[in-house]
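Colleague: Protein chains in written order, with the numbering used here: chain B, 1 to 247; chain H, 1001 to 1111.
Even for Gly, the Cβ is constructed at its ideal location relative to N, Cα and C.
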Amino acid sequence: MFFLREHRGRPEFWQGFREQTTVAMGIGAWGLMTGVSLVQSGLSPLEAVLMTLIVYAGSAQLAAVPMIAAGAPLWVILAAAFCVNLRFVVFSAHLRPYLMHLPRWQRMVTGYITADLSYVFFARKYPKPGSTPDELAGQQAYLMGNCAVNYVSWMGASLLGIALTNVIPVAWGLGFAGILALLGVLCSLATSRLRVVSAGVAGAAAVAAIALPLKLNILVAIASAVAICLVLEKLGPQDPAGGVRHV
Amino acid sequence: MFDLDPWTLLTIVLLGCITVITRGFFFISSKPWTLPHWAQRGLQYAPIAALAAVVIPEIVTTQGVFITTWQDARLFAAFAGMAWFFWKRGVLGTIVCGTAVYLPLRLMLGW
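1) Is residue 1067/H close to chain B, meaning its C-beta is less than 8 Å from at least one C-beta of that chain?
2) Once the 5 residues before and after residue 146/B are set aside, which same chain residues still bring their CB inside 6 Å of it?
3) So, at 8 Å on beta carbons, what are the nonlocal neighbours of residue 102/B in its own chain, with the 5 sequence-adjacent residues on each side left out?
4) Checking 8 Å against the spacing of the C-beta atoms, do residue 81/B and residue 69/B come in under that value?
5) Going along the chain, which residues of its own chain have a beta-carbon closer than 6 Å to the beta-carbon of residue 115/B, five neighbours each way excluded?
6) Inspect the beta-carbon positions of residue 1076/H and residue 96/B and report whether they are closer than 8 Å.
7) Counting only the same chain and skipping the five closest in sequence on each side, list residues whose C-beta sits under 7 Å from that of residue 85/B.
8) With DSSP as the reference, please indicate the residues paired to residue 1066/H in a beta bridge.
9) Identify the contact partners of residue 94/B in chain H, using a Cβ-Cβ distance below 7 Å as the criterion.
10) In the DSSP assignment, the alpha helix (DSSP H) including residue 92/B goes from what residue to what residue?
11) In terms of alpha-carbon separation, which member of 235/B, 210/B, 128/B and 195/B lies closest to residue 226/B?
12) Would you mind working out which of 14/B, 10/B, 8/B and 29/B sits nearest residue 160/B, comparing C-alpha positions?
13) Closer than 8 Å, CB to CB, is residue 1108/H near chain B or not?
14) Classify residue 1094/H as buried or exposed, calling it buried when 16 or more other Cβ atoms lie within 10 Å of its own Cβ.
15) At a CB-CB cut-off below 8 Å, which residues of chain B make contact with residue 1077/H?
16) Pull up the CB-CB distance for residue 1049/H and residue 198/B, whole angstroms please, since I reckon it's below 8 Å.
17) Step through the CB atoms of chain B and report whether any lies within less than 8 Å of the CB of residue 1003/H.
18) For residue 168/B, does the three-state DSSP call read helix, strand or coil?
19) By alpha-carbon positions, which one of 37/B, 163/B and 4/B ends up nearest to residue 175/B?
20) Could you check what DSSP says for residue 198/B in three-state terms: helix, strand or coil?
21) Leaving out five residues on either side along the sequence, give the residues of the same chain with a beta carbon under 6 Å from the beta carbon of residue 52/B.
22) Is the stretch 1084 to 1091 of chain H close to the stretch 213 to 225 of chain B, with three or more CB pairs under 8 Å?
23) Using Cβ-Cβ distances below 9 Å, what residues of the stretch 193 to 205 of chain B are close to chain H?
24) My guess is that residue 1080/H and residue 1106/H are in contact by the Cβ rule of under 8 Å, so how many angstroms apart are they, rounded?
25) Could you work out which residue in 1111/H, 1025/H, 1043/H and 1109/H is closest to residue 128/B when comparing CA atoms only?
26) For a contact meaning CB atoms closer than 7 Å, what does residue 1038/H contact in chain B?
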């Protein structure tokens, strides 16, 4: 999908490619530790490889594996993965107008390969969907350049982690490099006062609601941050550096 | 090494379907439909909120409990990473600088 010639031929593809390489190392470290933990939590190496190649959603995988090892009912495991992935439902609502010009199978494939950081980079780059077919194709190419780097670095590092399970101690905490990558991107998004408020509210809510099962605290945090920012936007004076420019 | 439990394989395939369904949730229908205006405005705050919701608990909690000590390598690494970002504006530098603070504290001091 992301190596279609129509995408590679556009400068936007390579721009997305270059921008995503700045975080590839963090994604790689995170993928590496995910690969290590899949095997250490009870999958055989072959099962871990298949899960990496098929599921392509790190946090859902890490939530599911201990449940598989414990023999939890199938529907419980699937419901848990769905909840952990709920943020992607929000992302897909956002991306819909950018992708509706594509046939359904291409939209679904695009959704499948668009992980957190690809979505964030894309939303940061293009506040509005293109108004001409050419603009839309350029935006799609940028997204695919992003996804290509994300996919290759995640898969490569995860598979390496599965191979090196007994060599890399989890105690080193190398996965924290992935959190640092997300932190850097978070800082780059803090371009208006209300966005800083959004980050603060979401962070506080996610910590306050951390006792919720299935990572539902993440959803609670997104919902409360968005709600509070919408209210502040309505109440507050028009801040010249405020969110209004970033529709 | 090459054990493959059929039930586990089924679970893995269905988990892949969950990824497809959640990531493409609003792409499934081809009917014309747009989000209400307030939701469109609200979505501009969603990316940073999602990142903060994932990142901040990973820095200030351990096993679901708020940390009670400042002797935690993650705090210093996050601070160093952010300082780098606002100084030089590079995500790669944020990762490198944060990890350079994190690993010695963690491996040598056990924080």
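Modeller: Put simply:
1) For the purposes of this step, residue 1067/H is taken as the residue at position 67 of the second sequence. It does not; no Cβ of chain B falls within 8 Å.
2) Along the first sequence, read from residue 1 onward, the residue named residue 146/B stands at position 146. Closer than 6 Å at the Cβ level, and outside the excluded window around residue 146/B, lie 16, 20, 118 and 121.
3) The sequence position of residue 102/B within the first sequence is 102, counting from 1. The residues are 110 and 140.
4) In the first sequence, counting from the first residue as 1, residue 81/B sits at position 81. In the first sequence, counting from the first residue as 1, residue 69/B sits at position 69. Not in contact: residue 81/B and residue 69/B (Cβ atoms no closer than 8 Å).
5) For this step, residue 115/B is matched to residue 115 along the first sequence. 150.
6) If you number the second sequence from 1, residue 1076/H lands on position 76. If you number the first sequence from 1, residue 96/B lands on position 96. Taking 8 Å as the Cβ cut-off, residue 1076/H and residue 96/B do not qualify as a contacting pair.
7) Residue numbering aside, residue 85/B sits at position 85 when the first sequence is read from its first letter. For residue 85/B, where only same-chain residues beyond five positions count, the Cβ hits under 7 Å are 57 and 60.
8) Position 66 of the second sequence holds residue 1066/H. In DSSP, residue 1066/H forms a bridge with 1061/H.
9) The residue labelled residue 94/B in the question sits at position 94 within the first sequence. Residues of chain H passing the Cβ test: 1043 and 1046.
10) Position 92 of the first sequence holds residue 92/B. 86 to 99 is the span of the alpha helix (DSSP H), which, as asked, contains residue 92/B.
11) As a first step, residue 226/B must be located in the first sequence, where it is residue number 226. The option with the nearest alpha carbon to residue 226/B is 195/B.
12) Position 160 of the first sequence, counted from the start, is the residue given in the question as residue 160/B. Answer by Cα proximity: 29/B.
13) The sequence position of residue 1108/H within the second sequence is 108, counting from 1. By this cut-off, residue 1108/H is not an interface position.
14) Here residue 1094/H refers to the residue found at position 94 of the second sequence. By the 10 Å Cβ count, residue 1094/H comes out buried.
15) Stepping through the second sequence from its first residue, residue 1077/H is reached at position 77. Ordered by position in chain B, the residues that pass the 8 Å Cβ test against residue 1077/H are 176 and 180.
16) As a first step, residue 1049/H must be located in the second sequence, where it is residue number 49. As a first step, residue 198/B must be located in the first sequence, where it is residue number 198. Yes, residue 1049/H and residue 198/B are in contact; Cβ-Cβ is about 5 Å, under 8 Å.
17) The residue labelled residue 1003/H in the question sits at position 3 within the second sequence. For residue 1003/H, the answer is yes, since a Cβ of chain B falls inside 8 Å of its Cβ.
18) Here residue 168/B is taken as the residue at index 168 of the first sequence, counted from 1. Residue 168/B falls in the coil class under three-state DSSP.
19) What you label residue 175/B is simply residue 175 of the first sequence in a count that begins at 1. Closest option to residue 175/B, Cα to Cα, is 37/B.
20) Within the first sequence, numbered from 1, the residue matching residue 198/B stands at position 198. The answer is helix: DSSP assigns residue 198/B an H, G or I state.
21) Translated into positions along the first sequence, residue 52/B becomes position 52. Cβ neighbours of residue 52/B beyond the five flanking positions: 158.
22) no
23) 194, 195, 196, 197, 198, 199, 200, 201, 202, 203, 204 and 205
24) Within the second sequence, numbered from 1, the residue matching residue 1080/H stands at position 80. Within the second sequence, numbered from 1, the residue matching residue 1106/H stands at position 106. The Cβ separation is near 13 Å, so there is no contact.
25) Start at 1 with the first residue of the first sequence, and residue 128/B comes out as number 128. Closest by alpha carbon: 1043/H.
26) Walking along the second sequence from the start, residue 1038/H turns up at place 38. By Cβ distance, chain B contributes 230.
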